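In UniProt numbering, the protein residues as written are 1 to 68.
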């Protein structure tokens with residue numbers, strides 16, 4: 001497992017295993033931040049929908065009950 005074409009990390013005391021764990025944790029961090037952003041987007045659109053329902057501008061059916 002030589003990721004960097006012969007470049008040595010011996011001076012920095014970083015092995016391929018450390019690099020592997022760093023790669024895994026960075027992927028997990030990216031996934032977690034993406035999930036947080038998508039949840040934020042969902043709550044934002046839900047709040048807009050609730051505001052529209054309170055104003056009476058939304059004519060969507062919610063559980064079979066029409067808005068007045």
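Built from N, CA and C at the ideal position, the CB exists for glycine as well.
Keep in mind the model is a prediction, meaning the values are calculated, not measured.
- Message: Please report the distance separating the alpha-carbon of residue 63 from that of residue 35.
- Response: Here the model assigns residue 63 a pLDDT of 48, short of 50, so the residue's position is not dependable, and the following value carries that caveat. Straight-line Cα distance between these residues: approximately 27 Å.
- Task: Would you kindly work out how many angstroms separate the C-alpha atoms of residue 45 and residue 33, rounded to a whole number?
- Result: 18 Å
- Alpha carbon of residue 16 to alpha carbon of residue 43, nearest angstrom: 41 Å
- C-alpha distance - residue 38 paired with residue 24, whole-angstrom precision: 21 Å
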